[in-house]
Amino acid sequence: LEANFSAIQEDDGPMNGLITVLHDVTEKEKIESERREFVANVSHELRTPLTTMKSYLEALADGAIEDKEIAPHFLNVTQKETDRMIRLVNDLLQLSRIDSNDYEMDLRWVELGSFLHQIIERFEMVVKDKDIVFHRHIVKQPTFAKIDEDKLTQVLDNIISNAIKYSPEGGNVSITLLHQGNKARISISDEGMGIPTESQDKIFERFYRVDKARARNVGGTGLGLAIAREYVVAHEGEIWVNSEYNEGTTIYITLPYSTFKGGKV
Ligand code: ADP
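Residue numbering for the sequence shown is 360 to 624, as defined by UniProt numbering.
Put into structure tokens, the structure is as follows:
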């Protein structure tokens with residue numbers, strides 16, 4: 360196909376139409392194969408918790424229900440799997456709304472420093488099962504951005520939950536807000552397992568996980584960062600990762616900002 364392309368491009372005029380057609384066909388095939396892969400992924404992601412639940416329920420039905428030690432544990436497993444399926448289906452619905460542009464941005468001026476303080480405070484209150492220490496480095500000057508608070512909260516929740524999930528016991532999680540040129544930059548750093556270089560570009564793709572088994576154990580859906588990227592882009596921002604394998608991970612987000620409410624961003 361490539362050889363054809365160069366031959367066609369040497370001609371002017373009428374053959375240009377053919378270039379477009381060939382291009383359209385490959386683009387269509389790409390979309391179609393992505394769609395098939397997506398459906399396969401969804402099916403697999405739903406089948407895994409269903410299979411687990413089925414075997415635990417069978418064991419309960421076969422008598423484990425009489426065992427006062429085992430029964431609560433088995434029920435707990437099925438509950439956890441149900442929760443994960445609900446999260447997965449919610450994430451899928453959300454992505455489907457994003458894809459078909461079926462959502463609205465409720466943009467309001469928000470001071471990002473206090474917004475971040477609030478989010479961190481909430482995590483400090485609820486994270487009890489792991490001994491994580493949060494550090495805040497928030498720029499002194501005000502940082503106003505026009506954001507959809509719910510959506511950006513979800514973005515940060517996903518990223519901070521990952522930082523916690525993939526951190527060791529007693530790990531430090533640092534959240535920084537600074538001004539970088541005409542952008543406000545938020546970063547979330549952890550001292551966790553890190554992400555190998557070859558995977559760093561892929562973590563924002565749907566269902567991509569560095570270690571599928573481990574990610575599932577910690578309850579992930581593989582969609583958190585894909586949703587985060589969509590929402591950051593909808594805010595005219597950027598998101599990227601910098602990570603050192605076995606040392607830690609930092610996720611960066613930049614957003615347009617102003618030092619006062621209603622300013623030009
Ligand atoms: P998941 O629900 O599996 O966490 P995400 O979309 O949030 O899905 O993240 C995709 C993958 O990126 C994760 O499965 C994990 O492999 C990797 N990842 C994300 N954040 C971190 C982090 N802070 N440290 C190490 N790996 C991470």
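No residue lacks a Cβ here, since even glycine has one placed at the ideal position from N, Cα and C.
Since the model is a prediction, treat every value here as computed from it, not as a measurement.
Beta-carbon contacts of residue i that lie in its chain and below 7 Å, excluding the five residues immediately before and after
i: Trp468; result: Phe503, Lys505, Lys620, Gly621
i: Ala593; result: Met464
i: Glu483; result: Phe493
i: Tyr415; result: Phe433, Val436, Thr437
i: Asn363; result: Residue placement at Asn363 is poorly supported in this model, since its pLDDT is 45, which falls under 50; the coordinates still yield a value, given next. Closer than 7 Å at the Cβ level, and outside the excluded window around Asn363, lies no residue.
i: Val448; result: none
i: Gln559; result: Val600, Ser602
Per-residue DSSP class, three states only, for residue i
i: Gln438; result: helix
i: Ser526; result: coil
i: Asn363; result: Its pLDDT being 45, under 50, Asn363 is placed unreliably by the model, and nothing is read from it.
i: Phe433; result: helix
i: Pro501; result: coil
i: Gln539; result: strand
i: Pro615; result: strand
i: Thr609; result: strand
i: Arg443; result: helix
i: Phe397; result: helix
i: Asp488; result: coil
i: Asp560; result: coil
i: Val380; result: helix
i: Arg495; result: strand
i: residue 309; result: Only positions 360 to 624 of the chain appear in the structure, and residue 309 is not among them; the question remains open.
i: Val569; result: coil
i: Val624; result: coil
i: Val577; result: coil
i: Asp509; result: helix
i: Ile554; result: coil
Sequence-distant residues of the same chain with beta carbon closer than 6 Å to residue i, five excluded per side
i: Asn400; result: Phe566
i: Asp442; result: none
i: Ile610; result: Ile518, Ile547, Val600
i: Lys542; result: Thr613
i: Leu381; result: none
i: Leu454; result: none
i: Ile598; result: Arg588, Val591, Ile612
i: Gly529; result: Asp490
i: Tyr525; result: Gly551, Met552
Range covered by the beta strand (DSSP E) that runs through residue i
i: Ser459; result: Neither: Ser459 is in no beta strand (DSSP E) and is coded neither H nor E.
i: Phe474; result: No beta strand (DSSP E) contains Phe474, which is instead part of the alpha helix (DSSP H) from 471 to 485.
i: Glu603; result: 597 to 603
Close Cβ partners of residue i (< 8 Å) along its chain, the five nearest in sequence each way excluded
i: Tyr604; result: Met552, Gly553, Ile554, Pro555, Thr556
i: Gly607; result: Ser548, Asp549, Glu550, Gly551, Gly553
i: Val485; result: none
i: Lys623; result: Ser617
Distance between beta carbons of residue j and residue i, contact taken as under 8 Å
i: Ile562; j: Leu582; result: Wrong, their Cβ atoms sit about 11 Å apart, outside the cutoff.
i: Leu536; j: Ile523; result: Contact doesn't hold; Cβ gap of about 19 Å is too wide.
i: Ile534; j: Arg481; result: Actually they are not in contact, since the Cβ atoms of Ile534 and Arg481 sit about 12 Å apart, beyond 8 Å.
i: Tyr590; j: Gln513; result: 7 Å
i: Leu466; j: Asp507; result: 6 Å
i: Tyr616; j: Leu471; result: 7 Å
i: Ala423; j: Ala430; result: 6 Å
Range of the contiguous alpha helix (DSSP H) that encloses residue i
i: Leu584; result: 583 to 593
Does the count of Cβ pairs from the segment 467 to 484 and the segment 439 to 457 closer than 8 Å reach three? no
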